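Peer 1:
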Amino acid sequence: GLVWLRPRYAEVLQRGGAGMGARKFLRLLGAETAPRLRRHPGARERFTQSPKGVPAEVISGPRARTDALRVLEATFTLDDYESPDLRAVASGIAAEQDPQLRRRRAAALFHVLGRAWSRFSDHDEVDAVYDYYAWQNRGRTAAFWLWQLRDTPWLDAGNGALSAPTRLRMRTTGTVAGYGADDERFLHPEIQQLVGRRSDVLRALGISAEARTEDLVECLQRLRRREEEGGDRDVPAALILYQALAERAF
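Quick note on numbering: our numbering labels position 58 of the sequence shown as 181, and the sequence is numbered without any gaps.
#1: So, residue 338 versus residue 346, is the Cβ gap smaller than 7 Å?
#2: Where DSSP assigns a beta bridge to residue 167, which residues make up the other side?
#3: Taking the alpha carbon of residue 261 as the point to measure from, which residue in 196, 165, 343 has its own alpha carbon closest?
#4: Distance check for residue 335 and residue 211, CA to CA, integer angstroms please.
#5: For residue 250 versus residue 201, is the C-beta spacing smaller than 7 Å?
#6: For residue 300, I'd like the list of residues in its chain whose CB is within less than 7 Å of its CB, leaving aside the five on either flank, ordered along the chain.
#7: Considering just the uninterrupted stretch of the beta strand (DSSP E) at residue 341, what are its terminal residues?
#8: For the 8 Å Cβ check, are there 3 or more pairs between the segment 322 to 331 and the segment 289 to 303?
#9: So what's residue 286 in DSSP terms, helix, strand or just coil?
#10: Relative to the C-alpha of residue 204, which candidate in 350, 266, 313, 271 has its C-alpha closest?
#11: If we ignore side chains and look at the alpha-carbon of each, how far apart do residue 256 and residue 176 end up?
#12: Kindly identify the DSSP beta-bridge partner or partners of residue 201.
#13: What's the gap between the Cα of residue 332 and the Cα of residue 180?
#14: Between which two residues does the beta strand (DSSP E) carrying residue 281 extend?
#15: Less than 7 Å between the C-beta atoms of residue 354 and residue 311, yes or no?
#16: Where does residue 322 fall in DSSP's three states?
#17: What is the rounded straight-line gap between the Cα of residue 219 and the Cα of residue 348?
#18: Is the beta carbon of residue 191 closer than 7 Å to that of residue 275?
#19: If you reduce the DSSP assignment to three classes, tell me which class residue 160 lands in.
#20: Tell me, to the nearest whole angstrom, how far the beta carbon of residue 277 is from that of residue 269; I am working on the premise that it is less than 8 Å.
#21: Counting C-beta neighbours from all protein chains within 10 Å, is the total for residue 374 16 or more, i.e. buried, or is it exposed?
#22: Apply the 10 Å Cβ neighbour rule to residue 171 and answer buried if 16 or more other Cβ atoms are within range, or exposed otherwise.
#23: Out of curiosity, what's the CA-to-CA distance linking residue 216 and residue 253?
#24: Secondary structure at residue 129, three-state DSSP: helix, strand or coil?
#25: Using three-state DSSP, classify residue 265 as helix, strand or coil.
#26: Do you know offhand how far residue 161's Cα is from residue 304's?
And the structure:
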């Protein structure tokens, strides 16, 4: 698990009078205010004079990462990072039995990531490669630590059930119009309110803030086909879809 500094250090160091603050001093000594990233220890040397690669198949690794690399026809990622700290925190949040405390802890993790995002964003994407005589580039994918966070069910959906971030969306006019209003599809409103505008973190976790334009158009086409086949005209649904599309024009 995580090793925490005793809160008493802040109090004792402040007694020293003017000068460097307690937090700055402790950071100079190596203490952190955000989860640490480290190079993935499973990286292998596949080719001489080439960077090490982390295999697509890693024991206890995120299944979604393996699937994403398979789609890219990639077998490794290069210069990849993991974060045991983040994994421990997300697992701890998921194990919390008090729903309100769990949601507050989840929102707090969003803010911790947001405050340190300039550091995390340097390592949020990596090269996906295929190993054939040399590394053959297959595009970019999320880093190992981010797949871990995306793949762990640590966020409450609107119905209170735990869900992995990539299965959730922000509740907006566009997302409701495009995907329906089932609570299980959306981030819990309490977390959404507490998170605020952490769009960088939301985007990295795969939590969609808006329905795709093509999805909204497809919904309108489905409504028209249903009406042409003899079904009822759903005017309220069509108006919501048109409103969501109109909001994108401004």
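All C-beta atoms, glycine included, are put in the ideal place defined by N, C-alpha and C. Note that the structure is predicted; figures quoted are calculated from it, not measured.
Peer 2: The answer reads as follows:
#1: Position 215 of the sequence shown, counted from the start, is the residue given in the question as residue 338. Position 223 of the sequence shown, counted from the start, is the residue given in the question as residue 346. Not closer than 7 Å, so no.
#2: For this step, residue 167 is matched to residue 44 along the sequence shown. Answer is 176.
#3: As a first step, residue 261 is located in the sequence shown; it is residue number 138 there, counting from the start. Of 196, 165, 343, the residue nearest in Cα terms is 196.
#4: To locate residue 211, count along the sequence shown from 1; it is residue 88. To locate residue 335, count along the sequence shown from 1; it is residue 212. Spanning the two alpha carbons is a distance of roughly 33 Å.
#5: For the purposes of this step, residue 250 is taken as the residue at position 127 of the sequence shown. For the purposes of this step, residue 201 is taken as the residue at position 78 of the sequence shown. Yes, they are a contact pair.
#6: Along the sequence shown, read from residue 1 onward, the residue named residue 300 stands at position 177. Cβ within range, chain order: 334, 339, 342, 363, 364, 367.
#7: Within the sequence shown, the letter at position 218 stands for residue 341. No beta strand (DSSP E) holds residue 341; the alpha helix (DSSP H) holding it covers 336 to 351.
#8: yes
#9: One-based indexing of the sequence shown puts residue 286 at position 163. If DSSP states are grouped into helix, strand and coil, residue 286 belongs with the strands.
#10: Taking the sequence shown and counting its residues from 1, the one referred to as residue 204 is at position 81. Measuring from the Cα of residue 204, the nearest candidate turns out to be 266.
#11: What you label residue 256 is simply residue 133 of the sequence shown in a count that begins at 1. What you label residue 176 is simply residue 53 of the sequence shown in a count that begins at 1. Distance between the alpha carbons of residue 256 and residue 176 is about 14 Å.
#12: Here residue 201 refers to the residue found at position 78 of the sequence shown. Paired residues: 176, 250.
#13: Numbered from 1 along the sequence shown, position 209 holds the residue referred to as residue 332. Numbered from 1 along the sequence shown, position 57 holds the residue referred to as residue 180. Their backbone Cα atoms lie some 31 Å apart in a straight line.
#14: For this step, residue 281 is matched to residue 158 along the sequence shown. First-last for residue 281: undefined, no H or E at that position.
#15: By one-based count along the sequence shown, residue 354 stands at place 231. By one-based count along the sequence shown, residue 311 stands at place 188. No, Cβ-Cβ distance for residue 354 and residue 311 is not below 7 Å.
#16: On the sequence shown, position 199 is the one that residue 322 refers to. Note: residue 322 maps to helix in three-state DSSP.
#17: For the purposes of this step, residue 219 is taken as residue 96 along the sequence shown, with counting starting at 1. For the purposes of this step, residue 348 is taken as residue 225 along the sequence shown, with counting starting at 1. If you take the alpha carbons of residue 219 and residue 348, they lie about 46 Å apart.
#18: Taking the first residue of the sequence shown as position 1, residue 275 is located at position 152. Taking the first residue of the sequence shown as position 1, residue 191 is located at position 68. Against a cut-off of 7 Å, the Cβ pair of residue 191 and residue 275 comes out as no contact.
#19: To locate residue 160, count along the sequence shown from 1; it is residue 37. Note: residue 160 maps to coil in three-state DSSP.
#20: Counting from one through the sequence shown, the residue named residue 277 turns up at place 154. Counting from one through the sequence shown, the residue named residue 269 turns up at place 146. Incorrect: roughly 13 Å between the Cβ atoms, too far for contact.
#21: This structure cannot speak to residue 374, because the chain is shown only from 124 to 373.
#22: Counting from one through the sequence shown, the residue named residue 171 turns up at place 48. Per the 10 Å Cβ criterion, exposed.
#23: On the sequence shown, residue 216 is found 93 positions in, with the first residue counted as 1. On the sequence shown, residue 253 is found 130 positions in, with the first residue counted as 1. One C-alpha to the other measures close to 36 Å.
#24: On the sequence shown, position 6 is the one that residue 129 refers to. Coil, per DSSP.
#25: Position 142 of the sequence shown holds residue 265. The answer is strand: DSSP assigns residue 265 an E or B state.
#26: Start at 1 with the first residue of the sequence shown, and residue 161 comes out as number 38. Start at 1 with the first residue of the sequence shown, and residue 304 comes out as number 181. Roughly 40 Å between the two C-alpha positions.
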